[in-house]
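Here the structure is laid out as C-alpha cells; the discussion comes afterwards.
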Amino acid sequence: SSPAPRNLFGEIRSPGYPKPYPNNNISIWDIRIPKGYVVKLTFRYFDLEPSESCFYDYVKIKADKKNLGRYCGQLGSATGNHPGRKEFVSKGNRMQLAFRSDFSNEDNGTVIPYRGFLAYYQALDLDECDPNNADEEDERPQCQHFCHNYVGGYFCSCRTGYQLQSDHHSCKVECSSELFTEASGYLSSPEYPEPYPEDLQCNYSIRLPKGMSIILKFLKPFEIDDHQQVHCPYDQLKIQARGREIGEFCGKESPGSIETNSNEVDILFFTDESGFSRGWKIRYTSEKIRCPQPVPRDRFTVIRDLQSVYRFQDYFVVSCKTGYNLVEGNRKLLSFTAVCQADGTWHQSMPRCEIVKCGNPTELTNGAFSYVNKPANNNYQSVITYRCNEPYYHIVTGTGGDTFTCSPDGTWEDRDGQVRIPACLPVCGKPLHPVTEVQR
Amino acid sequence: ILGGKLAGRGSFPWQALTGIHGRGGGALLGDRWILTAAHTIFPKGSGANNVSLDQLAEEANIFLGHTKVEELHKMGNHPVRRIFIHPDYNPKDEHNFDGDIALMELKHPVTLGPTVLPICLPDTTNTTFYMDGHMGYVSGFGVEKNFISNNLKYVSLPVVAQEKCQSWLDSKKRYVPMVFSENMFCAGFLTVKRDTCQGDSGSVFTVLDTDSGRWVATGIVSWGIGCAEGYGFYTKILNYLDWIKGIVRED
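Here the protein sequences line up with chains A and D, keeping their order.
Numbers 5 to 444, taken from our numbering, label the letters of the first sequence in order.
Numbers 10 to 260, taken from our numbering, label the letters of the second sequence in order.
Okay, here's the thing in C-alpha cells:
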C-alpha cells in the first residue's frame, strides 16, 4: 500500500492503468489530507470485472471507519456495482481505497482486458462550524459562543464580555477590559438577557476619535439588583466619561438615553456573589460632538448660514452689518471664523461688532464742518456738512457735494463716495463795507 | 491819494501796504498772492536793481488787514516766498513803464476776514471797464499834500480814453518823453485835484462790476507827471491776465 502524499488533491490509478490490471492483486491507498479538510473522491474512469456483489474484482472505499461501498463492473453492465459519477466525501481528513483482483478475468474462456480505474480526490474545506459536520467522536469540543470557519480550519470566539479560554473553545466571562472603537455598537452584561454571572468586575471602554460624542441608549429589559432604601448596594452600573462620573445605575428603571458629550466612555459593572437580575444592554451610537449654538453678542453681528446644530469640525463665519467692524478685545478683525473643537467648545469666542468710527473729519481750512444728525459723533452714518467762512470764502466741492457721511470703511465720503473734502476759495471783490457815495 | 477820503475798515480789504524800496501798495489775489507794480520792487533808475529777487523777497514787508499804518505794523508783516516780475518790465528805461506789474507769493496763505479779502481780476471779455469815463476807485497809503499818509485813503477817478491820454502826454512830451503803451490806461482829471501819488504805486484801480456785484482790479498805480497835475497812468491788468494766471495757477 502506498500512503498518498499529504497534498490536497491527486489521482489514484489501478495498477498498470490504463493497461488492464493484473490478476491476484491487492492494492490499498490511504488518502490523508491536513485537518480541517474532508476528502472528496470521484472516479474519472472505472472498468472492473463485474460480478454479483463484486465477488471477484472490486474497489472498496472506507472513511471515518465506515465502509462507503464496494464497486466493480462497467458502465451499464447488468451485474456489478459501477460507481458512475458518485462523489465520495469523508467526514474526516482520511479515506482509504482498496483494490482487489482475483486470479482471472475470463468469461467463457475469453480473457477480458478490464482496464481498472482512475480516481481523482481533492481536499474540501470542512466547515467545522456546521453542526451537521460534528463528528460524534470528534474530540474537539464545540465553540461555546461563536464558531468561525475558514478554509482548512476554524476558530472560536466569544460574545462581548467573554474571553476565549486556552482550549480555544470555551468562553469565560472576561469583561475587565472590553474595548469598543466602532462608531456604534452594542454592549451588554454577560449572558444578557439571561441573568448575569456573579462576582463580575466588568469594564467596557468605548474609545472613539476626538470630536465624537457617544450616546448611550439602554434597551429593555433593564434589571440590576437594587435595594429599596440604599442606592445600589449590591450591583452597580457606573458610567464615566473622561473620568467624570455620569451616573451609577441599578434597579429596573432604565436610564433611557444618555448623551455623554465625550469621545471616551467607560462603563463599569460590578456584581456581588448572588442575584438573578437579567442585566442590561446598551446600544451606543456616536455623532460629532456638539458645540453650543453660537449667539451673537450684539444686534450688529451676523452669523452667516446659521445652522440649527453645530458639531465637531463645523464652523461658523461671523461678519458685521455694514458699518460695523469685527472686534476681538481691542483688535479689529478682517474676518472671523470659529471652529467647533473636539471638546465641544469653539476654538475662539464670539467677537463683537463695533460701529465703524471715522475719526475726526478733516478740518477744512477757512471753513468748518457741522454734524447734521444727533448725537454728533464720528460713527458710521454720521453726517457732517462742510461750510466755508462766508462771505470771505466760498466752498468748492466735487460732484458729491458738501455733505459727507461716515462710510462703512471708516472714511468720510461725499455723495459720490469721494473722500476729498471741499475747498474754501477766497471770495474776491466783496468788501463788507464797500465804498458808497451818498451826496451827489 | 490826493482829494480823496479816509477809507473805512473793510472797504478795501485787498489793500496791502508794502515796504520794499520805501512805501508802496499792492492788492491781495486769492489768499497768498500780492499784485503790485514792478517798479516798487525794481525802481527805475536806481542802481539797486542788481539785488536778487530772493534777496528782495527776504527783505520785503507786506502788511494787510487795517487802514492805519501804525496798526498794520503792529499786526506784523507777511513774509514773501517768491517774487515774479513781468519780463517786459525794464527798470533801466526811465520813460517806459510798460510791463509794470509784479506778483509776490506769500510764504503762508492769509486767513480772510472782513478786513482781509482778495480783489477779483477782470473777466477777459469785459472791456467796458476801460471805456472813457468809467469810474473806478483807487486806495493807497501814498503821499497827500507832501505828507505820507498814516491812513488808507481812496479816491474815485474816471478812466480816460486812450487818445485823450496820448494827446495830453504829447503836450508834455517836451518836458518828459514818457511812453504810453496799449498795456496802460490813464485816469483822473486835468484840473480837479484828485489823483494818486507817490507811495500809492502798486495799489489797484478797482471798479464795481455791476453784473456780478464784485469789485474788480482793472489797473495798477504805475506813474504820472507830478500828482494831481493831470492824468495818472495805470498798468492795464486785462492785458496781463494770462501772465498772472500762468503764475498763480501754475502754483
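Every residue gets a Cβ at the ideal spot worked out from N, C-alpha and C, and that includes glycine.
DSSP state of P167(D) mapped onto helix, strand, coil: strand
So what does DSSP say about I10(D), is it helix, strand or coil? coil
Can the beta-carbon of C133(A) be found closer than 8 Å to that of H152(A)? yes
What in chain A is Cβ-close to D40(D), meaning under 7 Å? P430
Beta carbon proximity, R90(D) to chain A, threshold 8 Å: no
N- and C-terminal bounds of the beta strand (DSSP E) containing D129(A): G120 to D129
Quick check: is the beta carbon of L11(D) nearer than 8 Å to any beta carbon in chain A? no
Between H87(D) and I110(D), is the Cβ-Cβ spacing less than 8 Å? no
Determine whether the beta carbon atoms of R360(A) and G327(A) lie at a separation below 8 Å. The residue asked about is misnamed: residue 360(A) is Val in this sequence, not Arg. Yes, the Cβ-Cβ distance between V360(A) and G327(A) is below 8 Å.
Reference P135(A), options N267(A), P438(A), Y125(A) and Y158(A), closest by Cα: Y158(A)
Hey, how far is the Cα of Q232(A) from the Cα of F253(A)? 13 Å
Pair within 8 Å by beta-carbon distance, E114(D) and L11(D): no
Simplified DSSP state of F138(D), which is helix, strand or coil: helix
Looking at S323(A): is its Cβ nearer than 8 Å to the Cβ of V299(A)? no
Taking CB distances under 8 Å as the criterion, tell me whether L115(D) reaches chain A. no
Inter-residue Cα distance where the pair is I29(D) and T49(D): 7 Å
Going by C-alpha to C-alpha distance, which of W284(A), V423(A) and Q78(A) sits closest to G260(A)? W284(A)
Taking Cβ-Cβ distances shorter than 7 Å, what residues in chain A pair up with P123(D)? L436
Alpha carbon of P201(A) to alpha carbon of R287(A), nearest angstrom: 21 Å
Put W177(D) into one of helix, strand or coil per three-state DSSP. helix
State yes or no: is the beta carbon of T127(D) nearer than 8 Å to at least one beta carbon in chain A? According to the sequence shown, residue 127(D) is Pro rather than Thr. It does: the Cβ of P127(D) has a partner Cβ on chain A nearer than 8 Å.
Please compile the residues from chain D whose C-beta is within a distance smaller than 7 Å of the C-beta of V439(A). S20, Y146 and Y163
Just to confirm my understanding: we take V269(A), look at its own chain, exclude 5 residues before and 5 after, and list those with CB closer than 6 Å. What are they? I210, I218 and A245
Based on Cα-Cα distance, which residue from W232(D), G255(D) and G241(D) lies nearest to A170(D)? G241(D)
Residues in the same chain with beta-carbon distance under 6 Å from K44(A), minus the five sequence neighbours each way, listed in chain order, please. E91, V93, Q126 and L128
Span separating the alpha-carbon of F21(D) from that of P435(A): 6 Å
Any alpha helix (DSSP H) of 4 or more consecutive residues that is wholly inside the stretch 13-82 of chain D: 62-68
Can a CB atom of chain A be found closer than 8 Å to the CB of T120(D)? yes
Quick one: which chain D residues come within Cβ less than 7 Å of Y390(A)? What Y390(A) touches in chain D: nothing, since even the nearest Cβ is about 16 Å away.
Would D204(D) pass as a contact of G197(D) if the rule is Cβ separation under 8 Å? yes
Does DSSP put M216(A) in a helix, in a strand, or in coil? strand
Roughly how many angstroms lie between the CA atoms of S312(A) and C295(A), to the nearest whole one? 11 Å
Boundaries (first-last residue) of the beta strand (DSSP E) holding F13(A): F13 to R17
Neighbourhood of E56(A) by C-beta, 7 Å cutoff - its chain only, sequence neighbours within 5 removed: T83
Beta carbons nearer than 7 Å to chain D: which residues of the stretch 371-390 of chain A have them? none
Integer Cβ distance of A46(D) from S231(D), believed to fall under 8 Å: 5 Å
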